[in-house]
Each structure stands twice: as structure tokens, then as C-alpha cells.
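In full-length UniProt numbering, the protein residues as written are 1 to 163.
All C-beta atoms, glycine included, are put in the ideal place defined by N, C-alpha and C.
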Amino acid sequence: MAYDYLTKIQINRPLTEEEVARRINVHKPVVDEAADAYTVFGMNDVYLEVCDASYSQIGWGLLAFLLCFPAFALLTVEAAQSAIVDTPAMVRNGEQGVFSAGMWVFTVITVLCCVLTVVILLRDCFNYRHKAVRFNRQTRMVYAFRHNGPGGVIAVPWDKAFF
């Protein structure tokens, strides 16, 4: 599995028909004028270094955490308090048990939402800012950075790479 921000992509698998249809021929230009879309991080006579697609997504996880975590935390506290505290009107009507069970279910759901926002925050803020892809013209190799460890850099000959 390869990892691109929040999406896991299986590698060393058969290609789908859609992927095969969209393949780019490395021996022909795709367009007359290149548009870098602010993804070129380094360039000289030997190599061109660009970032992967997740670079433009950086920061959205922090925004989701800042907006959603306080709301979910408040809802969790309120739901737990509503499940614990007995109101006289509900006790008289005999509805306290059903209401309390519903509030405990809601509490579990909001706790899971809090956990999800924390996971998104950790993946957004404590991950690599971008994962570089380097096209080396001299050696005609493509190097893709995945992680800092054994097997963390994928090296593929230029002519055998699938774009």
C-alpha cells in the first residue's frame, strides 16, 4: 500500500481500464506550454523535483480540527451530562431510561468524532509537508519519496514508469 494524505493506494496491482486509457506517453509532449501549478520545488539541468498531489491539501486537517473538535467535545459533555442527570419531568413520565440510553449512544458517537478529528490533525500536522518526486534527466530515472526509512524511496527507470 502507498499512502497519499488520507488515501491508501495499493501498489504492485493490476491497472484498471481507466488508468490504462489515461496513460501518458513519455516520448511525446502532452502540452505545448507546461503549467507547474506551484508544485515545482527544484529544477536544474540534471533534475526536476515536484511534489505529490497531497501538497495542496495541507492545512485542511488543522482547519477541520479547529472547527469540529470543540463542537464535538461540547456535544460529548452535554450528552453525557444529559444521560447522567435525571430530570423530574422525565422521571414522572417514565422516559428517563430511553432518553438516557439514547444520550449514551450519542455520547459514544461524539467521542468517536472527536477521535477522528484528532487522527486527521495528527496526519495533517505531523506528516511530511510534501513527498518529492524527482525526474533525473541524466540517469533517466524517476525517484518518488514515500517515507524516511528502508524502502522509502521508489526508483523507476523513466521509460518503464507509468504516468
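In this structure, what does DSSP give as the bridge partners for residue i?
i, result
"Arg134", "Glu49 and Tyr143"
"Pro157", "Met141"
To the nearest angstrom, report how far apart residue i and residue j are at their CA atoms.
i, j, result
"Ala34", "Asn127", "29 Å"
"Ala144", "Ala64", "29 Å"
"Arg13", "Glu19", "12 Å"
"Glu95", "His130", "54 Å"
"Asn44", "Lys28", "21 Å"
"Pro88", "Val77", "21 Å"
"Asp124", "Val118", "10 Å"
"Phe69", "Ile58", "18 Å"
"Asn136", "Phe72", "48 Å"
"Gln157", "Leu74", "What sits at residue 157 in the sequence shown is Pro, not Gln. Straight-line Cα distance between these residues: approximately 53 Å."
"Ala21", "Tyr38", "27 Å"
"Val153", "Val142", "10 Å"
"residue 166", "Arg140", "Missing from the structure shown is residue 166; the chain here goes from 1 to 163 and no further."
"Met90", "Glu17", "60 Å"
At what residues does the beta strand (DSSP E) containing residue i begin and finish?
i, result
"Val40", "Val40 to Met43"
Identify the continuous alpha helix (DSSP H) that holds residue i and give its terminal residues.
i, result
"Gly102", "Gln96 to Cys125"
"Ile58", "Where Ile58 is concerned, there is no enclosing alpha helix (DSSP H), given that its DSSP letter is neither H nor E."
"Arg23", "Run containing Arg23: none; DSSP gives neither H nor E here."
"Arg92", "Pro88 to Asn93"
Find out if the Cβ-Cβ distance for the pair residue i, residue j is shorter than 9 Å.
i, j, result
"Leu62", "Leu121", "yes"
"Ile11", "Phe163", "no"
"Gly42", "Arg146", "no"
"Asp159", "Val26", "yes"
"Ala132", "Cys51", "yes"
>> Pairs of beta-carbons, one from the segment 26-43 and one from the segment 84-103, closer than 8 Å: are there three or more?
In response: no
>> Pairs of beta-carbons, one from the segment 79-88 and one from the segment 106-119, closer than 8 Å: are there three or more?
In response: yes
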